[in-house]
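Trainee: Starting off with a structure, shown below.
Numbering (the working numbering), first residue to last: 2 to 187.
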C-alpha cells in the first residue's frame, strides 16, 4: 500500500506543473495502480494525492472478477468474497497473463495454480468461464478492463463527475507487449 501511494504521488508530482492548465482542458485525471492482486485509484486534489476508498470503504480493491450463474458480473471485494463457492468462474492474477503467449513457461506454470480455465486461441492465453450456462472466453486485457472500469467508477462516485483520462501504472519489468496489452485494457 505504501509503495502504491508512493507511485501515485510521484506521478502526481510530475504532473503538477501542468495540472492547473490541463485540468481546464482535460478535466480531472486519475491515477490507477492496476495490481496483480489488488488495485487502487487516486486523484491529485487540494495539493495532495488522495487514495480513494471503494464502496466497501477500502483503499485497495481486489483485482478479482467473478461471473455468476445468473449472468451477473462481480468485480473487486464482492468477487473475492464469493470465490470459494464459485472458483472456476472467479478470475484473479490475470495480470500475469497480459502480453504473454499461451506457450510461455510462466503461463503454463500459472495455469496449474488457478481454479479457472486458461485456454489457447492462436497461442494467446484466454480465460474460459461459464456465463449463463455456456462457455465464454475473455482475453486477459478484457478482464483487466473490467477491473479498470471498477476503479474508474469508484473515482467518479467519489468525485461526483465523469472521468475521461487516467494514468495506469505498469511494473518496470513489463516488456513492450505487456505494456501495449495494458494500454489495450484501458
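Just so you know, even glycine gets a beta-carbon here, dropped at the ideal spot from N, CA and C.
In angstroms, rounded to a whole number, what distance separates the CA positions of residue 49 and residue 43?
Mentor: If you take the alpha carbons of residue 49 and residue 43, they lie about 10 Å apart.
Trainee: Among the candidates 134, 30 and 35, whose CA atom is the shortest distance from the CA of residue 99?
Mentor: Cα-wise, what sits closest to residue 99 is 35.
Trainee: Going by beta carbon distance, what residues of the same chain come within less than 8 Å of residue 117, once the five residues before and after it are set aside?
Mentor: Only 88, 89, 90, 91, 92, 128, 129 and 130 meet the Cβ criterion.
Trainee: My output table needs one value for residue 121: the three-state DSSP class, helix, strand or coil.
Mentor: The answer is strand: DSSP assigns residue 121 an E or B state.
Trainee: To the nearest angstrom, report how far apart residue 81 and residue 149 are at their CA atoms.
Mentor: Distance between the alpha carbons of residue 81 and residue 149: 16 Å.
Trainee: Residue ranges of each alpha helix (DSSP H) run of no fewer than 4 residues wholly in the region 79-121, ordered along the chain?
Mentor: With a minimum length of 4 residues, the continuous alpha helix (DSSP H) runs that stay inside the region 79-121 are 106-112.
Trainee: For a quick check, are the C-beta atoms of residue 152 and residue 62 less than 8 Å apart?
Mentor: Closer than 8 Å, so yes.
Trainee: I need the straight-line Cα distance from residue 85 to residue 27, nearest angstrom please.
Mentor: Computed Cα separation, rounded: 42 Å.
Trainee: If you scan the region 122-165 from start to end, which runs of the alpha helix (DSSP H) of 4 or more residues do you find wholly inside it?
Mentor: If we require 4 residues or more, the alpha helix (DSSP H) runs fully inside the region 122-165 come out as 141-160.
Trainee: Short of 8 Å in beta carbon distance, which residues of its chain neighbour residue 74, apart from the five on each side in sequence? Order them along the chain.
Mentor: So the qualifying residues of the chain are 66, 67, 68 and 147.
Trainee: Report the residue from 71, 184, 39 and 120 whose alpha carbon sits nearest the alpha carbon of residue 138.
Mentor: Taking only the C-alpha atoms, the option nearest residue 138 is 120.
Trainee: Please look up how many angstroms separate the CB atoms of residue 64 and residue 112, rounded, as I've assumed it's under 8 Å.
Mentor: About 18 Å; that fails the 8 Å criterion.
Trainee: Given that a residue counts as buried once 16 or more other Cβ atoms are within 10 Å of its Cβ, and exposed if not, what is residue 174?
Mentor: Residue 174 comes out exposed.
Trainee: Output the boundary residues of the beta strand (DSSP E) element that contains residue 74.
Mentor: Where residue 74 is concerned, the enclosing beta strand (DSSP E) stretches over 74-76.
Trainee: Roughly how many angstroms lie between the CA atoms of residue 125 and residue 142, to the nearest whole one?
Mentor: So the two alpha carbons sit approximately 11 Å from each other.
Trainee: Contact check, residue 30 vs residue 166 under 8 Å by CB: the rounded distance?
Mentor: With a Cβ gap of about 4 Å, residue 30 and residue 166 count as contacting.
Trainee: Can you tell me which of the three DSSP states residue 183 falls into?
Mentor: DSSP places residue 183 in helix when its eight states are reduced to three.
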